[in-house]
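Numbering (UniProt numbering), first residue to last: 1 to 208.
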């Protein structure tokens, strides 16, 4: 069992049974956000949906808001793992590697789609501890390493900047499609991918 310590949690589960209950609570939050607004979701609904005792929820979380912050943090950590190359991807050129990362991120966005609006509304809240979370993100470091493996002529500082820009562009595109799905029919995804591809070409092509 991997330890889980998320923003909003009072303590980590020490046994597999506790972990299962925490995950059930977080899953319940996401499920309920797909049915109604955050302000309309009661603590009792979370408990009923997760099928846990009230004492169990308060054992791990301080209050209702803490549960949602933890669910949001879990989703962001899931996102942060998608830059890790899978077996065989080390043979791909950088553009194809980034395309694989984007595909994995699309799947994660679908998985956590109900949290997008909550995240946008709460990312700057003081209790979200955004600076602390930013320090935990490793996807930029991983992508930087992948870029320099293929293009060692690019300095580490520039590679880190490039990786940060690419990931933010991917996140922005996926957020935009999540809240405005009608843009899919207007060619937004195609244009957004072309923008990313052109940016990659600007520093990986022989003429760059």
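The beta carbon of each residue, even a glycine, is placed where N, CA and C say it ideally should be.
(request) Look at the alpha carbon of residue 54 and the alpha carbon of residue 111, and state the distance between them as a whole number of angstroms. (result) 26 Å
(message) Tell me the DSSP secondary structure of residue 195 in three-state form.
(response) helix
(request) Kindly give me the distance between the Cβ atoms of residue 121 and residue 178, rounded to whole angstroms, as I take these residues to be in contact under 8 Å. (result) Not really, about 14 Å apart at Cβ, beyond 8 Å.
(message) Give me, in chain order, the residues of the same chain whose beta-carbon lies closer than 7 Å to that of residue 68; leave out the 5 immediate sequence neighbours on both sides.
(response) 29, 38 and 118
(message) Just to confirm, is the Cβ distance from residue 126 to residue 60 under 9 Å?
(response) no
(request) Return the Cβ separation of residue 43 and residue 98 in integer angstroms, given the expectation that the two are a contact with Cβ distance under 8 Å. (result) In fact, because the Cβ distance is near 41 Å, the residues do not count as touching under 8 Å.
(request) With residue 186 as the anchor, note down where its alpha helix (DSSP H) starts and where it stops. (result) That residue, residue 186, is in no alpha helix (DSSP H); it is neither H nor E in DSSP.
(message) Distance check for residue 140 and residue 176, CA to CA, integer angstroms please.
(response) 21 Å
(message) If you measure between the beta carbons of residue 213 and residue 159, is that distance less than 9 Å?
(response) No answer is possible for residue 213: it lies beyond the span of the chain, which begins at 1 and ends at 208.
(message) Buried or exposed, going by whether 16 or more other CB atoms sit within 10 Å of the CB of residue 8?
(response) buried
(request) Determine the direct distance from the alpha carbon of residue 168 to that of residue 32, and round the result to whole angstroms. (result) 28 Å
(request) Taking residue 84 as the reference, give the member of 66, 103, 70 and 205 with the closest Cα. (result) 103
(request) Keeping to the same chain, check which residues put their C-beta closer than 8 Å to that of residue 105; ignore five residues upstream and five downstream. (result) 79, 82, 170, 171 and 174
(request) Can you have a look at residue 1 and say buried or exposed, based on whether 16 or more other CB atoms are within 10 angstroms of its CB? (result) At residue 1, the pLDDT of 38 sits below 50, so the modelled position is not reliable; the number obtained from the coordinates is stated separately. So residue 1 ends up on the exposed side.
(request) Give the DSSP bridge partners of residue 61, in chain order. (result) 9
(message) Rounding to the nearest angstrom, what Cα-Cα distance links residue 143 and residue 100 in this structure?
(response) 12 Å
(request) With DSSP as the reference, label residue 106 as helix, strand or coil. (result) helix
(message) Give me the residue from 181, 194 and 199 with the minimum Cα distance to residue 164.
(response) 199
(request) Would you mind sorting residue 115 into buried or exposed? The rule is 16 or more other CB atoms within 10 Å of its CB. (result) buried
(message) As a quick exercise: from 192, 153, 180 and 161, pick the residue whose alpha carbon is nearest that of residue 205.
(response) 153
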